[in-house]
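Engineer: Encoded as structure tokens, here's the structure I'll be asking about.
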Amino acid sequence: MPLLDGYLSPPAQQALIAGLFLSAGWWVVALQNRRRDAKLRAERVDDMQRALVAEVRAHVVALERQVQDDSLDGILAQIQDGDARLVIAHGGNDRIFRAVLAEIHVLPGAVIDPVVIYYRLVAVMDAMADSIRRLARNHPDRASEMMVDYFLLTQETREAGLDVLEILTASLRGGEAEIQAMLRQQREDAGSRLRTTLPQELAQMRERLNTRFSDRSGL
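Put into structure tokens, the structure is as follows:
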């Protein structure tokens, strides 16, 4: 290279050029590896989310059937009769969640909390169901009290599961940006419903207060 002839000998110039090509090759390989790792990570995240969707959906469907089919009064009567064959609910399946728990940090941040909260509710449901079965024979009153709480928890878990399905579906569709768009839309819808219903609710509240005041004034 004529520009370097005054500074480096031909062998030194050849060594410099070889070093530059080698460094460039390292950068190209590193970039390719990063792209490959990012692609594999994205595929792994999608696989985890699809598996969680399948597991959560199956349990939510079971909870929906339970809410529709089960009669709380009938179950309470069964408990009061000390029926040892008491069968409560469809046990929560969390095998997939336990399998991906060590890697859950790779999921989008907006997904992690709802998923963890949902599976925590499932675990509480299963523990409460076991307690009710144990208490049903010898302590029916305590079991009945727990059964009312269990029934309410079933509904709460179902709602949490539906929220998880919405968030996971949005994430699979468009990642974090799609989740944030969905959450913004939900806030806007909630605000719209509030603006629509609030005046009527306030009017009803004022009417009840006026009626109560009138009743007291007439005493």
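Mapping of the sequence shown onto full-length UniProt numbering: position 11 corresponds to residue 11, and the numbering continues sequentially without gaps.
Heads up, the beta-carbon is just placed ideally off N, CA and C, and yes, glycines get one too.
#1: Report buried or exposed for His59, applying the criterion of at least 16 other Cβ atoms within 10 angstroms of its Cβ.
#2: Roughly how many angstroms lie between the CA atoms of Ile112 and Val61, to the nearest whole one?
#3: Relative to the alpha-carbon of Asp163, which residue among Arg137, Val53, Ser23 and Gln204 has its alpha-carbon at the smallest distance?
#4: Which of helix, strand or coil does DSSP assign to Leu107?
#5: Please name the residue in Glu103, Arg95, Thr169 and Arg142 whose C-alpha comes closest to that of Ile79.
#6: What is the C-beta distance between Ile75 and Met125, in whole angstroms, given that I count them as a contact (C-beta under 8 angstroms)?
#7: So, with DSSP's three-state summary, where would you put Asn138?
#8: Relative to the C-alpha of Met48, which residue among Met128, Pro108 and Thr196 is closest?
Structural biologist: In terms of the structure at hand:
#1: Here the question's residue 59 lines up with position 59 in the sequence shown. Its Cβ being crowded by 16 or more others within 10 Å, His59 is buried.
#2: One-based indexing of the sequence shown puts residue 112 at position 112. One-based indexing of the sequence shown puts residue 61 at position 61. Counting only the Cα atoms, Val61 lies some 22 angstroms from Ile112.
#3: As a first step, residue 163 must be located in the sequence shown, where it is residue number 163. Comparing alpha carbon positions, the residue from Arg137, Val53, Ser23 and Gln204 closest to Asp163 is Val53.
#4: Counting from 1 along the sequence shown, the entry for residue 107 is found at position 107. If DSSP states are grouped into helix, strand and coil, Leu107 belongs with coil.
#5: As a first step, residue 79 is located in the sequence shown; it is residue number 79 there, counting from the start. For Ile79, the nearest C-alpha among the options comes from Arg142.
#6: On the sequence shown, residue 75 is found 75 positions in, with the first residue counted as 1. On the sequence shown, residue 125 is found 125 positions in, with the first residue counted as 1. So it is not a contact: roughly 14 angstroms between Cβ atoms.
#7: What you label residue 138 is simply residue 138 of the sequence shown in a count that begins at 1. Residue state for Asn138 is assigned as helix, using DSSP reduced to three classes.
#8: What you label residue 48 is simply residue 48 of the sequence shown in a count that begins at 1. Selected option, being the one with the closest Cα: Pro108.
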